[in-house]
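First to last, the protein sequences are chains A and B. At position 27 of the first sequence (counting the first as 1) the number is 32 in my numbering, and the numbers step up by one without a gap. At position 87 of the second sequence (counting the first as 1) the number is 126 in my numbering, and the numbers step up by one without a gap.
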Amino acid sequence: GAVVSQHPSRVICKSGTSVKIECRSLDFQATTMFWYRQFPKKSLMLMATSNEGSKATYEQGVEKDKFLINHASLTLSTLTVTSAHPEDSSFYICSAGTDPYEQYFGPGTRLTVT
Amino acid sequence: AQSVTQLDSQVPVFEEAPVELRCNYSSSVSVYLFWYVQYPNQGLQLLLKYLSGSTLVESINGFEAEFNKSQTSFHLRKPSVHISDTAEYFCAVSFSGGYNKLIFGAGTRLAVHP
């Protein structure tokens with residue numbers, strides 16, 4: 006089946022530093038990937054749609070300069086949290102799909118900013 | 040605007056009892072409906088989906104959901120739950136018109152007790 010991986014699974018960084026999270030589709034190509042943020046005991050909030058070879062589309066209220074998304078290839082999208090602050094601590098999840106109506110989710114990345 | 044409502048944040052139930060997790064949506068266009076399950080510190084797994092055709096859809100592990108257009112609902116049911124069904128369940132919708140983003144409900148925590 007379709008597998009999406011994320012790396013790292015957990016990361017702790019100091020306030021003011023930047024962190025990169027990778028999302029890979031392991032056995033299929035994905036022209037579109039999605040990045041979500043999940044707060045504790047909360048639902049998933051779509052942050053942006055990552056398109057291979059073009060700029061990401063950000064949801065309203067998401068700072069594009071803070072959350073940099075690069076979709077370098079058909080199997081890799083990266084999310085960089087720049088100048089991270091404690092309020093950026095969260096669970097970040099990516100997804101990708103092989104058809105328009107099914108998305109496969111990565112296992113998530115737990116970011117803790119101290 | 041489209042939205043998804045999961046009225047029950049938590050549903051406690053005893054093992055082997057039946058359960059229903061409620062999901063209602065709001066949309067002025069055709070929808071595609073999904074249920075995802077999330078185990079602790081993991082990403083989301085697709086449980087079942089409704090795209091078209093039969094309004095009753097089933098998963099491989101005994102869950103089923105019925106699309107009710109008049110009531111704009113897509114409730115998830117299982118006649119007999121197991122301890123291993125303890126997880127967070129998310130209802131989600133996407134909308135007609137191509138590769139659409141998912142809008143998630145707030146989630147329902149199913150806690151199965153022995």
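From the three backbone atoms N, C-alpha and C, an ideal C-beta is built for every residue, glycine too.
Exercise for the section: For chain B, find out if any of its Cβ atoms is closer than 8 angstroms to the Cβ of serine 30 of chain A; answer yes or no. Expected result: By 1-based counting over the first sequence, the position of residue 30 of chain A is 25. Cβ-Cβ to chain B under 8 angstroms: no for serine 30 of chain A.
Practice task
Would you identify the three-state DSSP class for proline 91 of chain A, choosing helix, strand or coil?
Solution key: Translated into the one-based positions of the first sequence, residue 91 of chain A becomes position 86. Residue state, collapsed to three classes: helix.
Problem - Local Cβ density within 10 Å of arginine 15 of chain A, reported as buried at 16 or more and exposed below that - result: Here residue 15 of chain A refers to the residue found at position 10 when the first sequence is read from its first residue. The residue in question, arginine 15 of chain A, is exposed, as its Cβ has fewer than 16 Cβ neighbours within 10 Å.
Handout entry: When B:His152, B:Glu55 and B:Val68 are compared against alanine 40 of chain B, the one with the closest alpha-carbon
Key = Indexing the second sequence from 1 puts residue 40 of chain B at position 1. Alanine 40 of chain B has its Cα closest to that of B:Val68, out of B:His152, B:Glu55 and B:Val68.
Handout entry: chain A contact residues for lysine 140 of chain B, given Cβ-Cβ distances below 8 angstroms
Key = Residue numbering aside, residue 140 of chain B sits at position 101 when the second sequence is read from its first letter. Those within 8 angstroms of lysine 140 of chain B in chain A are Phe39, Leu51 and Thr54.
Handout entry: Below-8 angstroms beta-carbon distance, serine 48 of chain A vs any chain B residue
Key = By 1-based counting over the first sequence, the position of residue 48 of chain A is 43. Yes, because at least one Cβ of chain B sits closer than 8 angstroms to the Cβ of serine 48 of chain A.
Exercise for the section: Anything in chain B within Cβ reach of glycine 58 of chain A, meaning under 7 angstroms, just list it in chain order. Expected result: As a working mapping, residue 58 of chain A is identified with position 53 in the first sequence. Result: empty, since nearest Cβ-Cβ is about 15 angstroms, beyond 7 angstroms.
Practice task
Give a yes or no on whether 8 angstroms exceeds the smallest Cβ distance from tyrosine 71 of chain B to chain A.
Solution key: Taking the second sequence and counting its residues from 1, the one referred to as residue 71 of chain B is at position 32. So, interface residue.
Practice task
Taking asparagine 107 of chain B as part of the beta strand (DSSP E), name the residues at either end of that continuous run.
Solution key: Numbered from 1 along the second sequence, position 68 holds the residue referred to as residue 107 of chain B. 103–107 is the span of the beta strand (DSSP E), which, as asked, contains asparagine 107 of chain B.
Practice task
Under 8 angstroms Cβ to Cβ from proline 153 of chain B, same chain only, skipping five residues before and after it: list those, please.
Solution key: Here the question's residue 153 of chain B lines up with position 114 in the second sequence. Excluding sequence neighbours, proline 153 of chain B sits near Phe53, Glu54 and Ile122.
Handout entry: Every unbroken alpha helix (DSSP H) inside the stretch 40–112 of chain A [4 residues or more]
Key = Secondary structure within the stretch 40–112 of chain A: not one fully enclosed alpha helix (DSSP H) run of 4 or more consecutive residues is present.
Problem - Within chain B, partners of glycine 113 of chain A - CB distance below 8 angstroms - result: Taking the first sequence and counting its residues from 1, one reaches residue 113 of chain A at position 108. By Cβ distance, chain B contributes Asn80, Gln81 and Gly82.
Practice task
For my contact list, serine 119 of chain B and proline 57 of chain B are in at a C-beta cut-off of 8 angstroms; report their separation, rounded to the angstrom.
Solution key: Position 80 of the second sequence, counting from 1, holds the residue named residue 119 of chain B. Position 18 of the second sequence, counting from 1, holds the residue named residue 57 of chain B. About 7 angstroms; that satisfies the 8 angstroms criterion.
Exercise for the section: Output yes if chain B places a C-beta closer than 8 angstroms to the C-beta of threonine 87 of chain A; else output no. Expected result: As a working mapping, residue 87 of chain A is identified with position 82 in the first sequence. No - not a single Cβ of chain B is within 8 angstroms of the one on threonine 87 of chain A.
Practice task
Please decide whether alanine 145 of chain B counts as near chain A, where near means a Cβ-Cβ distance under 8 angstroms.
Solution key: The residue labelled residue 145 of chain B in the question sits at position 106 within the second sequence. Yes, alanine 145 of chain B counts as interfacial toward chain A.
Practice task
Answer with yes or no whether the minimum CB distance from isoleucine 26 of chain A to chain B is below 8 angstroms.
Solution key: Start at 1 with the first residue of the first sequence, and residue 26 of chain A comes out as number 21. Judged by the 8 angstroms Cβ criterion, isoleucine 26 of chain A is not in contact with chain B.
Practice task
Determine the direct distance from the alpha carbon of phenylalanine 102 of chain B to that of proline 112 of chain A, and round the result to whole angstroms.
Solution key: Here the question's residue 112 of chain A lines up with position 107 in the first sequence. Here the question's residue 102 of chain B lines up with position 63 in the second sequence. Rounded to whole angstroms, the gap between the alpha carbons of proline 112 of chain A and phenylalanine 102 of chain B is 22 angstroms.
Practice task
Could you list which residues in chain A have their beta carbon closer than 9 angstroms to that of leucine 85 of chain B, in chain order?
Solution key: Residue numbering aside, residue 85 of chain B sits at position 46 when the second sequence is read from its first letter. Those within 9 angstroms of leucine 85 of chain B in chain A are Glu107, Gln108, Tyr109 and Phe110.
Problem - Under the three-state DSSP convention, the category serine 48 of chain B falls into - result: Residue mapping note: residue 48 of chain B aligns to position 9 of the second sequence, counting from 1. Taken through DSSP and simplified to helix, strand or coil, serine 48 of chain B comes out as coil.
Exercise for the section: For glycine 137 of chain B, count neighbouring Cβ atoms within 10 angstroms of its own Cβ and tell me buried if that reaches 16, exposed if not. Expected result: On the second sequence, residue 137 of chain B is found 98 positions in, with the first residue counted as 1. Confidence at glycine 137 of chain B is low in this model, with a pLDDT of 45, below 50, so its placement is unreliable and no value can be given for it.
Problem - Residues near serine 98 of chain B by beta carbon distance below 6 angstroms, same chain, minus five either side - result: Counted from its first residue, the second sequence places residue 98 of chain B at position 59. Only Leu86 and Leu87 meet the Cβ criterion.
Practice task
Would you grab the beta carbon distance between tyrosine 63 of chain A and methionine 50 of chain A for me? Rounded to a whole angstrom, and I think it's under 8 angstroms.
Solution key: Taking the first sequence and counting its residues from 1, one reaches residue 63 of chain A at position 58. Taking the first sequence and counting its residues from 1, one reaches residue 50 of chain A at position 45. That pair is no contact at about 12 angstroms.
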